[in-house]
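Numbering (the numbering used here), first residue to last: 321 to 621. Just so it is clear, CB atoms sit at the ideal spot from N, CA and C, and this is done for glycine as well. Note that this is a predicted model, so its numbers are computed, not measured. Worksheet: one structure, shown below.
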């Protein structure tokens, strides 16, 4: 760290501390994070960027830390969890550590459903529970489903299963449940049709949106899995759904990405509410980076 205190430390991970401008994916990270850093500096704030796991950081000299491209936290959760406890006692985190704790485990979807947010139909299977995919499919009446760990990201251990393929996926699911809690969701056909909508919400207000579609033959919409990102102008109903989902959180997050599908005109189902390190697609709407910086600055006063 520098000899001077840092107002905002932008958090990344070890792989992305030094970004390669010749790599399209890393160049994209650089552009997104520079939009935020520039907006923060324009407010007179001192900004630096480090890996969250850098052992040389003196967190007491940071006014706050802002999660951005910390995309290895779920692979290193055994390290990340105690790190979160330790660092949250030394500096402010955005989003707040308690909110991150709540959001890293996708059981949060049940909380949101209880608060009136429409979610994709979901069954949670706890670690060690003895149940098969076929049993869940029969009980719920689903012809297709998707399963994944409750603590995950970047489509880790995420599989689409049909009635015809359920037998071949049972061993994978069983190994997963033996090691960690899993979630099983009804497959939403809109994903491969219209795609997934992502609305970015800054300080409670929807600022912009994108639409993600999977590549042919796949259902994963992430661009690192071949998905495509499209510009999208959200309508009033989409904005209202996204803002209501964020309002149902235990506390207001500084930033959020609300991922959902349209099931009928004006009707939506939440896929995920991303509060830890979501890509916020500022390159599609740079003024939103300024709004994030302003909201963060106000929180530091």
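Using a 10 Å radius around the Cβ and a threshold of 16 neighbouring Cβ atoms, would you call residue i buried or exposed?
i: residue 375; result: exposed
i: residue 518; result: buried
i: residue 344; result: exposed
i: residue 554; result: buried
i: residue 469; result: buried
i: residue 482; result: exposed
i: residue 325; result: exposed
i: residue 619; result: exposed
i: residue 571; result: exposed
i: residue 337; result: exposed
i: residue 550; result: exposed
i: residue 378; result: exposed
i: residue 610; result: buried
i: residue 388; result: buried
i: residue 488; result: exposed
i: residue 327; result: buried
i: residue 541; result: Note that residue 541 scores a pLDDT of 49, beneath 50, so its modelled location is shaky and nothing firm can be said.
i: residue 565; result: buried
i: residue 621; result: exposed
i: residue 390; result: buried
i: residue 418; result: exposed
i: residue 589; result: buried
i: residue 340; result: exposed
Could you spell out the range, first to last residue, of the alpha helix (DSSP H) harbouring residue i?
i: residue 371; result: No alpha helix (DSSP H) contains residue 371, which is instead part of the beta strand (DSSP E) from 367-371.
i: residue 617; result: 607-620
i: residue 344; result: 344-362
The beta strand (DSSP E) with residue i in it runs from where to where?
i: residue 495; result: Element bounds for residue 495: not the beta strand (DSSP E) but the alpha helix (DSSP H), 486-499.
i: residue 466; result: 464-469
i: residue 504; result: 502-506
Give me whichever residues DSSP pairs with residue i in a beta bridge.
i: residue 331; result: 370 and 387
i: residue 479; result: 467
i: residue 517; result: 531 and 580
i: residue 594; result: 577
i: residue 511; result: Beta-bridge pairing links residue 511 to no other residue.
i: residue 326; result: 382
Using a Cβ-Cβ cut-off of 9 Å, state whether residue i counts as contacting chain D.
i: residue 505; result: Protein chain content of the structure displayed is limited to a single chain, and chain D is not contained in it.
Which whole-angstrom value describes the C-beta separation of residue i and residue j, a residue pair presumed to lie in contact below a C-beta threshold of 8 Å?
i: residue 558; j: residue 524; result: Actually they do not touch by this definition, with Cβ atoms about 16 Å apart.
i: residue 385; j: residue 329; result: 5 Å
i: residue 604; j: residue 591; result: Contact flag wrong, Cβ pair sits at about 19 Å.
i: residue 380; j: residue 411; result: 7 Å
i: residue 594; j: residue 576; result: 7 Å
i: residue 420; j: residue 429; result: Actually they do not touch by this definition, with Cβ atoms about 16 Å apart.
i: residue 306; j: residue 465; result: The structure shown does not extend to residue 306, since the chain is modelled only from 321 to 621, so the question has no answer here.
i: residue 568; j: residue 404; result: Rounded, the Cβ-Cβ distance is 23 Å, inconsistent with contact.
i: residue 520; j: residue 600; result: 5 Å
i: residue 369; j: residue 353; result: 7 Å
i: residue 532; j: residue 515; result: 6 Å
i: residue 394; j: residue 473; result: 5 Å
i: residue 444; j: residue 494; result: The pair is not a contact, with the Cβ atoms about 16 Å apart (cut-off 8 Å).
Next item on the list: List in chain order: all unbroken beta strand (DSSP E) runs of 3+ residues lying wholly within the stretch 519-591.
Entry: 525-533, 548-552 and 575-584
Check: What are the start and end residues of each continuous alpha helix (DSSP H) run of 4 or more residues lying completely inside the stretch 381-463, in chain order?
Finding: 397-408, 417-424, 428-434 and 453-460
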